[in-house]
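So the protein sequences, as listed, match chains A and B. Going by the numbering used here, the first residue of the first sequence is number 1, and it counts up by one from there. Going by the numbering used here, the first residue of the second sequence is number 152, and it counts up by one from there. Cβ atoms here follow ideal geometry from the backbone N, Cα and C, with glycine treated the same way. Report on one structure; see the data block that follows.
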Amino acid sequence: MKRPQAVVVGTLLMGSRVLAGLFAVVEVGVNWPEFTHAIVTTGARTAGVTPEQAGVALGILLGLYGAVLALELCLVIFVYLGRNWARLLAMSFATLSIGAGFIDYQFNGVAITLRTSLLSLTLDILVLLALSSTAARGYARAARATPLRSD
Amino acid sequence: MPDETRQETGAGGPPMGARTRSRRWSPGAAADSFFFVFAGLASIWLAVLLASESMGLGWGLLWFAVVFWLLVAYLVLPRLNRILTRIYVPDYFIGRTRTSDGLLGDPVNLAVNGSERQLHAALAAAGWTRADEITLGSTWRIVAATLFRQSYDEAPVSPLFLFGRVQDFAYQQEVEDNPAKRHHVRFWRCPDGWMLPGGYRVDWLAAGTFDRAVGLSLFTLQITHKIDADTDRERDHIVAGLCSAAPAARVRLIRDFSSGYHARNGGGDTIQTDGDLPVVELGGIP
């Protein structure tokens, strides 16, 4: 079965999120001294923390974020290959993210604008629309029923 | 009398017999339905958020209007239509094709008996050109050709569904070197052993309509071709062309195959038909 455009678009959108995350990691890595310095000088409870200690903490956080990005990239690849579990998982993450955004917006009065989370929310909703489409579902189910081939 | 048990395939889904036997609750299908509907609701929310955001944009409103229309026309309304049509539009053969959003599309107004080779040969002899598949390249070309009034003989046609699948192929005749106006007809091969209501066995079903202009769909606001309401005239044009190009072809008319009706197609255009269905027999063509 030919890979539908919905799957291609959905994975491209998911991939763009991973790419944005990678840029953020690179950005922090390139400007490492500035970031550790900022933690020490502007942190609310960082009195007595040395730049080295801040660097270790930042490194751990960055490592965890990198691991999340790697897992997300794997998910993108599996969705692209037509794995149904990956599609369901990706849709679950998008749904949770949209749901959390809606609760914040509706009950905690958090504004959603272009300057805050509108772009990220749009991306989640587009991913969900693409992966929940009839074409994407048919492709994932067909791929589950027959051996995968890359076309 | 037609044998009802033989009519196993619906107009828009899998074999009916299999469907009725295996329609059980499954967690995967339930999750899919949930995500499908949730995405539709989320897209409405996104449209509302974009509308609120636009209030502070001033001159940005112009590009925003385009983004908003793209979102509503190509994501929100199709998804809402898909949710609603899945619930209420018949999923068995009623003589109408369906759009990719599940809306009732152009009427099935022609049947053919013959091999694929005979059909292609007869259509080519009658001056029809096979339409290109829809790709990014062909879509761009038809947009450019329409905007600049250039001829595009093999312009693609939008997908319509019968037997749960998109047309096998489509043919067209451009009018006045303008891609906005064209005769066009889509063909579907009937499933093996399938019979029309009334027990007629045919090899191909087709939906022929005349595109008269480019406009906006009433149901999705997408840019699409608007069709001429008199679908019988287009049907008769196709049959007459085939018969004059292939004298060995014979036509059998099933009168009142459906009751005559006035309705709308998937783009919201008015359609009317007398309900007759010609069956073109190509068996005599070498």
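Cutoff 8 Å: residue i Cβ touching any chain B Cβ
i	result
Gly-137/A	Inspection of the sequence shows that residue 137/A is occupied by Arg rather than by Gly. With 8 Å as the cut-off, Arg-137/A counts as an interface residue toward chain B.
Ser-97/A	no
Leu-13/A	no
Phe-78/A	no
Thr-122/A	yes
Phe-102/A	yes
Leu-81/A	no
Met-91/A	yes
Thr-50/A	no
Ile-39/A	no
Ser-16/A	no
Thr-42/A	no
Chain A contact for residue i (CB, 8 Å cutoff)
i	result
Ala-224/B	no
Arg-230/B	yes
Ser-289/B	no
Asp-242/B	no
Phe-370/B	no
Phe-312/B	no
Phe-320/B	no
Leu-197/B	yes
Leu-200/B	yes
Asp-283/B	no
Ala-182/B	yes
Ala-216/B	no
Ser-194/B	yes
Glu-305/B	no
Other residues of its chain near residue i: CB distance less than 8 Å, five sequence neighbours each side excluded
i	result
Leu-62/A	Val-25, Val-28 and Gly-29
Phe-219/B	Ala-198, Leu-201, Ala-202 and Ser-205
Ile-234/B	Phe-187, Val-188 and Gly-191
Glu-325/B	Thr-280, Ser-302, Tyr-303, Asp-304, Ala-306, Lys-332 and Arg-333
Contact set for residue i: own chain, Cβ-Cβ below 6 Å, skip 5 residues either direction
i	result
Asp-420/B	Lys-377 and Ile-378
Thr-382/B	Pro-258, Asn-260, Thr-360, Ile-422 and Thr-424
Val-336/B	Tyr-322, Ala-357, Gly-359 and Ile-389
Leu-274/B	Tyr-322
Arg-352/B	Met-346
Ser-251/B	Pro-310
Arg-87/A	Val-79, Leu-131 and Ala-140
Environment of residue i [buried if 16+ CB atoms lie within 10 Å]
i	result
Glu-155/B	Residue placement at Glu-155/B is poorly supported in this model, since its pLDDT is 33, which falls under 50; the coordinates still yield a value, given next. When all chains shown are included, Glu-155/B counts as exposed.
Trp-355/B	buried
Ser-410/B	exposed
Tyr-139/A	buried
Ala-368/B	In the sequence as displayed, the identity of residue 368/B is Ser instead of Ala. Ser-368/B is buried by the Cβ-count criterion.
Glu-52/A	exposed
Ala-193/B	buried
Glu-34/A	exposed
Trp-85/A	exposed
Inter-residue spacing [alpha-carbon to alpha-carbon] between residue i and residue j
i	j	result
Arg-406/B	Leu-200/B	53 Å
Ala-135/A	Arg-281/B	25 Å
Val-402/B	Thr-360/B	19 Å
Asp-362/B	Asp-283/B	16 Å
Val-365/B	Pro-178/B	43 Å
Tyr-239/B	Asn-232/B	11 Å
Tyr-243/B	Leu-19/A	45 Å
Gly-99/A	Phe-189/B	10 Å
Pro-229/B	Val-9/A	17 Å
Ser-309/B	Asp-328/B	19 Å
Ala-296/B	Lys-332/B	12 Å
Gly-256/B	Pro-342/B	20 Å
Val-49/A	Tyr-65/A	22 Å
Pro-165/B	Phe-320/B	Its pLDDT being 39, under 50, Pro-165/B is placed unreliably by the model, and the measurement read from it follows with that caveat. Answer to the nearest angstrom: the Cα atoms are 20 Å apart.
Ala-414/B	Thr-248/B	13 Å
Ala-380/B	Gly-418/B	12 Å
Ser-184/B	Asp-124/A	18 Å
Arg-83/A	Arg-45/A	45 Å
Ala-216/B	Gly-392/B	45 Å
Ala-6/A	Ala-396/B	41 Å
Phe-186/B	Tyr-225/B	18 Å
Val-227/B	Val-127/A	13 Å
Pro-241/B	Ile-195/B	26 Å
Pro-398/B	Tyr-412/B	32 Å
Ala-180/B	Asn-416/B	30 Å
Ala-276/B	Asp-387/B	17 Å
Any non-hydrogen atom of the ligand COA within 7 Å of residue i CB
i	result
Phe-299/B	Among the ligands in the structure shown, none appear at all, so the ligand COA cannot be discussed.
Contacts around residue i, its chain only, beta-carbon distance under 7 Å, and the 5 residues preceding and following it disregarded
i	result
Val-76/A	Thr-11, Met-14, Gly-15 and Val-18
Leu-22/A	Leu-69
Arg-292/B	Tyr-303
Val-223/B	Ala-198 and Leu-372
Can you confirm whether the stretch 38–58 of chain A touches the stretch 106–118 of chain A when touching is taken to mean that 3 or more C-beta pairs between the two stretches lie within less than 8 Å? no
Three-pair Cβ contact test at 8 Å for the stretch 427–436 of chain B versus the stretch 254–264 of chain B: yes
Is there contact here, the stretch 92–103 of chain A with the stretch 49–63 of chain A, by at least three beta-carbon pairs under 8 Å? When C-beta atoms of the stretch 92–103 of chain A are compared with those of the stretch 49–63 of chain A, fewer than three pairs fall below 8 Å, so the two segments do not count as touching.
Under 8 Å: do the stretch 422–430 of chain B and the stretch 300–310 of chain B share three or more Cβ pairs, one atom per stretch? no
Just checking, does the stretch 307–320 of chain B make contact with the stretch 328–343 of chain B on the three C-beta pairs under 8 Å criterion? yes
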